[in-house]
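> My questions all concern the structure below.
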Amino acid sequence: MGQFDGQPSIRWSLRGLNEEGDEAWLIRGISRKLYHCPGCHGNIEVGDEHTIVQYVRRLGGTDHHHWHRQCAEEILIPELGNLRRIPASESSQSKLEARGRVPSGRRRRR
51 MGQFDGQPSI RWSLRGLNEE GDEAWLIRGI SRKLYHCPGC HGNIEVGDEH
101 TIVQYVRRLG GTDHHHWHRQ CAEEILIPEL GNLRRIPASE SSQSKLEARG
151 RVPSGRRRRR
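Under our numbering, residues 51 to 160 are what the sequence shown spells out, in order.
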């Protein structure tokens with residue numbers, strides 16, 4: 051696994067790859083409405099701190115899911131490869147959606 055320190059925070063997001071080679075961005079969030087966690091199938095209540103997972107697909111497109119922080123740590127993080135800490139400013143919704151508009155083979159490397 052890459053270099054990272056626990057969960058995403060206000061300053062840091064995490065970026066990794068899933069088995070299909072899609073980017074998975076883990077972002078800290080505070081819920082503004084009721085969400086359903088795909089890890090435990092429980093509810094994430096309004097005001098709860100949680101982890102937003104934004105997928106940027108290899109072939110283009112994005113989608114996201116809201117996870118309890120503990121579920122993300124126990125279920126999701128162990129499944130991701132090449133996990134790295136990234137400044138939170140790089141993981142804004144608009145930036146990730148823009149990345150998803152271009153298939154990965156055509157994305158510019160920095």
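Every residue gets a Cβ at the ideal spot worked out from N, C-alpha and C, and that includes glycine.
Just so it is clear, the structure is predicted and the values come from calculations on it, not from any experiment.
Within the segment 53-92, note down every full beta strand (DSSP E) run reaching 3 residues or more, in order along the chain.
As far as the segment 53-92 is concerned, its whole beta strand (DSSP E) runs of at least 3 residues are 62-67 and 73-80.
> Can you say whether L84 is buried or exposed, counting buried as having 16 or more other CB atoms within 10 angstroms of its CB?
Taking the sequence shown and counting its residues from 1, the one referred to as residue 84 is at position 34. Exposed: under 16 other Cβ atoms inside 10 Å.
> Between C90 and V152, what straight-line distance do the alpha-carbon atoms span, to the nearest angstrom?
Your numbering for residue 90 matches position 40 in the sequence shown. Your numbering for residue 152 matches position 102 in the sequence shown. Rounded to whole angstroms, C90 to V152 spans 32 Å at the Cα level.
> Quick one: what does DSSP say L126 is sitting in, helix, strand or coil?
Position 76 of the sequence shown, counted from the start, is the residue given in the question as residue 126. Helix at L126.
> Compare the C-alpha of H100 against each of H86, V106, R149 and R134 and name the closest.
One-based indexing of the sequence shown puts residue 100 at position 50. The residue with the shortest Cα to Cα distance from H100 is H86.
> Name the one or two DSSP bridge partners that G131 has.
Counting from one through the sequence shown, the residue named residue 131 turns up at place 81. Answer is L67.
> Please name the residue or residues paired with D113 in a DSSP beta bridge.
Numbered from its first residue, the sequence shown carries residue 113 at position 63. DSSP output for D113 lists Y105 as bridge partner(s).
> Apply the 10 Å Cβ neighbour rule to L109 and answer buried if 16 or more other Cβ atoms are within range, or exposed otherwise.
In the sequence shown, residue 109 corresponds to position 59, counting from 1. Burial call: exposed.
> How many angstroms separate the CA atom of L133 from the CA atom of P88?
Along the sequence shown, read from residue 1 onward, the residue named residue 133 stands at position 83. Along the sequence shown, read from residue 1 onward, the residue named residue 88 stands at position 38. Taking the straight line joining both Cα atoms gives about 20 Å.
> Find the nearest neighbour of G71 within the set A138, P137, Q120 and R107, judged by alpha-carbon distance.
Counting from 1 along the sequence shown, the entry for residue 71 is found at position 21. Of the candidates A138, P137, Q120 and R107, the one whose C-alpha sits nearest the C-alpha of G71 is R107.
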